[in-house]
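Take 1 as the starting number for the sequence shown in this note's numbering and just add one per residue.
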Amino acid sequence: MATKSPPLKYAEIQQVIRATLAALSLHGLEACLFGSTAMLTYGMEHRLPKDVDLIILNTAPEQTDEDVKALIVSSDPTSFFLTDSRREGATHRILWCTLPPLNEGTGVGGSSEYVTAKPGYTSGKSNNAATSLSSSSNPRKRSTLTLANNNNSNVDASSSSSQPKRERACKVDILLPGVLDIPHIPKHALYRDPSAFFLSFSSSSSLVSSPTPTPTVTPLPTPTPTPTPTPTSIASIPPRALLTLKLRAWADHSHPTAPDPMHARVPADEEDIEELLRIFTAGGIPRGLGDEGETNTNEAEEEAWMHAGFRTWKDARRAVGVYTRKWPRTKSAWGAVGLGF
């Protein structure tokens, strides 16, 4: 049977992100936040993420997203597990990170897909009702969806006989550049959260050795250096790249020939686009802000990713024109972002 899912807590979002990034670092893999999780680091107020989306930045050419999921589970099997997708014809598996049991408090806003280990239980589609944390930033109060969570895969926690029993879990989407029009993004362009909210995680890819004590009178055996996990800042996809990806999704979902399920996503796309525009125009995100707070000035380098989702700037601005014809009050905001016409 289907059950309304409980909301994620901020602390649980942090927990899942840090655990996943730490597991990836064991294999030398780096990632950045994507979708609604990235929007949370920019200052999103209108909802909380339902799951965690990550883009892997440095996979080997032969590695697939399924390979990466398997590596994460092998690195931390007590925190992560895989289930088969229940979508007809689907061959991919779904990655989950365990959460505290349901009776350990409640969250605020948003919702998360979860798995329960009760015999015969199959988790259902998560509740799409958004909790408005700021009425001014969400005037239409429509239902929302996550851009990267288009499959809404149902899962069965008991689909594998070897599957450990768990109370709750949050879905983790692993994405590679090229999927959903996601571009290859240079590291200097990644957005680094300036607050303490998603400040860092413990990376095992770079180890710092403790200093060797200086011998006194009698030389002592050199102690074995103790590896210490390196605090590593958490990166997100550049805000403007996410904005144009959201715009591309809106354009695809709004097309007259798109199927009804895609049309149903349009209100959610518009709410996320408006929230990103609000953050930009409120001064929450400096244009071009990249790694270490540096501003990107190389326009040729920006061209490769700043109009993510569109072949050219002209295509992106054409989509902005269509959007502003529907929502003319957003025209000045698009200009402030650098996508005016």
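By construction, the Cβ of each residue, glycine as well, lies at the ideal position given by its N, Cα and C atoms.
For clarity, every value in this text was computed on a predicted model and none was experimentally measured.
Taking C-beta atoms as the reference points, Ile-94 and Thr-83 count as a pair closer than 7 Å. Between Thr-324 and Leu-277, the gap from beta carbon to beta carbon reaches 7 Å or more. The beta carbons of Leu-99 and Arg-47 sit no closer together than 7 Å.
For Ala-90, no alpha helix (DSSP H) run applies, since DSSP gives it neither H nor E. Straight-line spacing of the CA atoms in Val-52 and Met-44 works out to 15 Å. Counted as a single uninterrupted DSSP element, the stretch harbouring Asp-65 is not any beta strand (DSSP E) but the alpha helix (DSSP H) occupying residues 65–75. Cβ-Cβ distances below 6 Å link His-92 to Ser-85 in the same chain, with the five nearest sequence neighbours on each side left out; the list follows chain order. Here the alpha carbons of Asp-173 and Thr-59 stand approximately 15 Å from one another. Check the Cα spacing between Ile-234 and each of Pro-7, Phe-310, Lys-9, Val-16: the tightest is with Val-16. Here the alpha carbons of Ile-273 and Pro-256 stand approximately 20 Å from one another. Just so you know, the alpha carbons of Glu-62 and Ala-22 end up roughly 22 Å apart.
DSSP lists Ser-236 as the beta-bridge partner residues of Tyr-191. Its chain contains Asp-269 as the residues whose beta carbon lies nearer than 6 Å to that of Trp-250, once the 5 sequence neighbours on both sides are disregarded; these appear in chain order. Excluding sequence positions up to five before and after Asp-181, its CB lies within less than 7 Å of the CB of Leu-245, Arg-248, Ala-308, Gly-309, all in the same chain and listed in chain order. The C-beta of Thr-20 has 16 or more other C-beta atoms within 10 Å across all chains shown, which makes the residue buried. Counting C-beta atoms within 10 angstroms of its own C-beta, Glu-88 has fewer than 16 neighbours from the protein chains shown and is therefore classed as exposed. According to DSSP, Ile-174 shares a beta bridge with Leu-54. DSSP places Arg-311 outside both helix and strand once states are collapsed to three, so it counts as coil.
Between Ile-56 and Ala-38, the C-beta spacing is not below 7 Å.
Under a 10 Å Cβ-count criterion, His-188 is classified as exposed, with fewer than 16 other Cβ atoms of the shown protein chains found around its own Cβ. Per DSSP, the unbroken alpha helix (DSSP H) holding Asp-269 starts and ends at 266–281. Leu-339 and Leu-175 have their alpha carbons spaced roughly 26 Å apart. Under a 10 Å Cβ-count criterion, Gly-283 is classified as exposed, with fewer than 16 other Cβ atoms of the shown protein chains found around its own Cβ. Bounds of any beta strand (DSSP E) do not take in Asp-181, whose DSSP letter is neither H nor E. Relative to the Cα of Leu-24, the nearest Cα in the group Asp-76, Trp-327, His-253 belongs to Asp-76. For Leu-243, the three-state secondary structure derived from DSSP is helix. Ala-333: member of the alpha helix (DSSP H) spanning 331–337, first to last residue. DSSP places Thr-83 in the uninterrupted beta strand (DSSP E) bounded by 80–84. It is roughly 10 Å from the alpha-carbon of Leu-243 to the alpha-carbon of Ala-316. Assignment of Arg-168 by DSSP, reduced to helix, strand and coil, places it in the strand class. Partner residues in the beta bridge of Leu-99, as assigned by DSSP, are Arg-168. Residue environment analysis places Arg-311 among the exposed positions, since fewer than 16 neighbouring C-beta atoms fall within 10 angstroms of its C-beta.
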